[in-house]
Amino acid sequence: MKQTILTGDRPTGRLHLGHYVGSLQNRIKMQDEYRQFIMIADGQALTDNAENPEKIRESVFDVVLDYLAVGIDPNKSVILIQSQIPELSELAMYFMNLVSLARVEQNPTVKTEIKQKKFGRGVPAGFVMYPISQAADILGFKATVVPVGEDQLPMIEQTNEIVDRFNAVYGKVFDRVKAVVPENARLPGIDGAAKMGKSLGNAIYLSDPLKVISEKVMTMYTDPTHLKVSDPGHVKGNMVFTYLDVFDPNKDEVEELKKQYKKGGLGDVVVKKRLIGVLENLIKPIRERREELAKDQNNIIKILEKGTLVAQEVVQETLEEVRRAMRLDYFG
Ligand code: TRP
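Going by this note's numbering, the first residue of the sequence shown is number -8, and it counts up by one from there.
Here it is, written out as structure tokens:
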């Protein structure tokens, strides 16, 4: 039996190179070896976007187009929409009784997000609870492996606490889950910020046209002390070299360029032009496949509907077990 993986994204916009490096590449690899469920977590996206349902709906399509365009194969991976499986909300409701308010308020990722979004005490209750709902997402599928970014580790910790508590109170239903953080997982933003993010405005998207890629690379953070071409420059912390390290297939030439840059005599524009070429090589086929796929909305809906139905059957089985364990199986 293949092990079950669950991963997911909040649909709040198109996917970018950070997603590509941090999760998409990994998912393309994993879909052959594992039983992989990929969740478009629209319910979670609504926890801080309640007044923007149109944006979330549109993003569901953007995200699935990005998935398919990079090579996630709906015949190998199950792509599903969270909100269309109400059993997940039911499970989240039961889990909420097993976690204290003090505990949810301690989640470091949620704390950081509340600060970033300047919610203060006005934070939606649903937002504070989303780690519990995410635990339900994971356990509803009885996933044992969850590939996540570093910032999601507190969610896995919360999930495992729920596993222990549920099993202790109602009898053994769930197994503990394992987080897997892909190596080389975090791509910095074009501005040099630690993380590329849509809300940070420092992202290059998998659907960006060449012109936009060029403009973004031209504004990229390099080395502020490298004023003249003849000046010796730094490659560490220089985003153009950081990106070449990640994306340029010709490592030897990149090493050669680094040497030249450090010595002096190599201008930013030359290196940036190279990076534009490298990124366009990667993004062009993705962008073109995406445009093709976008022409047939019906096909996209069918893929989502089929995936969601397959997924729902799995979650329904879990919920039957849960209701039995919780003495909620009144009608047989
Ligand atoms: N919270 C995750 C993120 O922001 C997205 C997500 C929702 C998720 N449900 C999930 C990730 C279940 C893994 C498993 O990236």
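Just so you know, even glycine gets a beta-carbon here, dropped at the ideal spot from N, CA and C.
Given the structure is predicted, the values throughout are model-derived calculations rather than measurements.
Between the options, which has its C-alpha nearest residue i's C-alpha?
| i | options | result |
| --- | --- | --- |
| ILE181 | PRO200, VAL208 and LEU59 | VAL208 |
| VAL317 | GLY62, LEU89 and ARG5 | Checking the sequence, you will find Met at residue 317 rather than Val. Looking at the Cα atoms, LEU89 is the closest of the given residues. |
| ILE277 | GLY13, ASP57, GLU78 and ASP0 | ASP57 |
| THR309 | ARG5, LEU79, SER68 and ASP287 | LEU79 |
| TYR212 | ASN40, MET187 and PRO173 | MET187 |
| VAL313 | GLU174, ILE63 and TYR85 | TYR85 |
| GLU244 | LYS227, GLY255 and LEU266 | LEU266 |
| PHE165 | ASN40, GLU311, ASP214 and ILE47 | GLU311 |
| LEU270 | LYS242, ASP199 and GLY228 | ASP199 |
| ASN43 | GLY4, LYS109 and ALA60 | GLY4 |
| GLU174 | ARG26, GLN16 and GLU247 | GLN16 |
| HIS217 | LYS253, ASP23 and GLY111 | LYS253 |
| ASP0 | ASP239, ARG315 and GLY13 | GLY13 |
| VAL261 | ARG280, ARG177, GLU49 and PHE232 | PHE232 |
| ASN272 | ILE204, LEU257 and VAL220 | ILE204 |
| ALA126 | LEU248, LYS106, ALA194 and VAL95 | VAL95 |
| LYS250 | ASN40, ASP222, ILE274 and ASN289 | ASP222 |
| GLN107 | PRO77, ALA116, ASP155 and LEU191 | LEU191 |
| LEU59 | LEU319, GLY323 and GLU282 | GLU282 |
| ASP142 | ASN98, GLU279, VAL114 and GLY111 | ASN98 |
| LEU257 | GLY224, ARG315, TYR234 and MET230 | GLY224 |
| ILE76 | LEU295, ASP23 and ARG315 | LEU295 |
| LEU178 | GLU81, GLN307 and TYR234 | TYR234 |
| PHE132 | ILE105, ALA83 and MET120 | ALA83 |
| ILE274 | ASP239, GLY113, GLU247 and GLY255 | ASP239 |
| LYS293 | GLY113, VAL55 and SER50 | VAL55 |
| GLY268 | GLU279, LYS202 and VAL226 | LYS202 |
| PHE110 | GLU247, ASN40 and LYS189 | ASN40 |
The ligand TRP and residue i: does the residue's C-beta get closer than 7 Å to at least one heavy atom of that ligand?
| i | result |
| --- | --- |
| THR(-2) | yes |
| GLN35 | yes |
| ILE129 | yes |
| GLN143 | yes |
| VAL139 | yes |
| GLN125 | yes |
| MET30 | yes |
What three-state label does DSSP hand residue i in the structure shown?
| i | result |
| --- | --- |
| ARG5 | coil |
| VAL69 | strand |
| LYS253 | helix |
| THR38 | coil |
| ASP0 | strand |
| VAL114 | coil |
| PHE157 | helix |
| ARG379 | Lying outside -8 to 323, the shown extent of the chain, residue 379 is not represented and no answer is given. |
| MET223 | Residue identity differs from the one stated: residue 223 is Pro in this sequence, not Met. If DSSP states are grouped into helix, strand and coil, PRO223 belongs with coil. |
| ALA194 | coil |
| VAL136 | strand |
| ALA60 | helix |
| VAL171 | strand |
| ARG324 | With the chain covering only -8 through 323, there is no way to say anything about residue 324. |
| GLN324 | Limits of the chain in this structure are -8 at one end and 323 at the other, which puts residue 324 out of reach. |
| MET30 | strand |
| THR150 | helix |
| THR213 | coil |
Assuming residue i contacts residue j under a Cβ cut-off of 8 Å, what Cβ separation, rounded to an integer in Å, is found between them?
| i | j | result |
| --- | --- | --- |
| ILE31 | GLN73 | 6 Å |
| PRO122 | MET146 | 5 Å |
| PHE28 | ALA302 | 6 Å |
| THR334 | ALA134 | Lying outside -8 to 323, the shown extent of the chain, residue 334 is not represented and no answer is given. |
| LEU144 | ALA184 | That belief does not hold up - the Cβ atoms of LEU144 and ALA184 are roughly 20 Å apart, past 8 Å. |
| VAL168 | VAL137 | 6 Å |
| SER124 | GLN35 | 6 Å |
| VAL139 | VAL172 | 7 Å |
| PRO2 | ILE47 | 6 Å |
| ILE129 | THR103 | With a Cβ gap of about 21 Å, ILE129 and THR103 do not count as contacting. |
| VAL61 | LEU197 | 7 Å |
| ILE195 | LEU6 | The Cβ separation is near 11 Å, so there is no contact. |
| GLY117 | THR38 | 4 Å |
| LYS67 | GLN22 | 4 Å |
| ASN193 | ASP214 | With 8 Å as the limit, ASN193 and ASP214 do not qualify as a contact, their Cβ atoms being about 17 Å apart. |
For a test of your reading of the model: does the CB of residue i fall under 7 Å from any non-hydrogen atom of the ligand NAD? Yes or no.
| i | result |
| --- | --- |
| ARG1 | Judged by which ligands are present, the ligand NAD is missing from the structure shown, whose ligands are the ligand TRP. |
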